[in-house]
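Working notes, structure below.
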Amino acid sequence: MDYSADDLSQTYYFAVFNGTQETFYPYYWGEENCMLVRCDAAHGRECATFPLCSDDVFHHVNITANFSSPFIYPAVIHNRMRLTPRSDWDYNTELEKDGYRANVNFHSDEGRQLVVVGLKARTYRLDPASSFF
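For our numbering, count along the sequence shown from 1 and bump the result up by 635.
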């Protein structure tokens, strides 16, 4: 991951996850995540809430990650959870020997107040049989 931004005044995390995620109890599903996300502390936890807005302006965010699943979805989201125009970012995936390599690349001369840039893959093979009808 690399990025360029004006002076950062808020907290962001580079988050990586591979496993089974509780979506809506009692339903779980498998996913792999790689993302830069705006996050605030609460209740004694460093990253407990995901604000809908950011004051910080990003001009470039580039994330490349490896996944075991071909079902990879990009996200580039700015203030108030609005989707960033497709003209401001590129996305691609490549089949490799051991899986899939994906890249999301946000670029904007004017900049945008981003809250999430990332990649999420669904790993259907990890879905517990009990989670679905």
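Just so it is clear, CB atoms sit at the ideal spot from N, CA and C, and this is done for glycine as well.
Quick caveat, the model's predicted, so the values are computed rather than measured.
Please classify residue i as buried or exposed, where buried requires at least 16 neighbouring CB atoms within 10 angstroms.
i: F659; result: exposed
i: L754; result: buried
i: P709; result: buried
i: L730; result: exposed
i: Y648; result: exposed
i: S743; result: buried
i: E667; result: buried
Report yes if the CB atom of residue i is closer than 9 Å to the CB atom of residue j, and no otherwise.
i: V696; j: F652; result: no
i: C669; j: P686; result: no
i: F693; j: V739; result: no
i: D725; j: G665; result: no
i: R757; j: A700; result: no
i: I698; j: L749; result: no
Per DSSP, what are the beta-bridge partners of residue i in this structure?
i: N740; result: N697, D725
i: R680; result: A677
i: S639; result: H695
i: Q656; result: W664
i: K755; result: N668, Y708
i: G734; result: E731
i: A650; result: M670
i: R747; result: F693
Assuming residue i and residue j are in contact, meaning their beta carbons sit under 8 Å apart, how far apart are those beta carbons, in whole angstroms?
i: Q645; j: S689; result: 6 Å
i: G746; j: D641; result: 7 Å
i: M636; j: L671; result: 6 Å
i: Y663; j: T655; result: 5 Å
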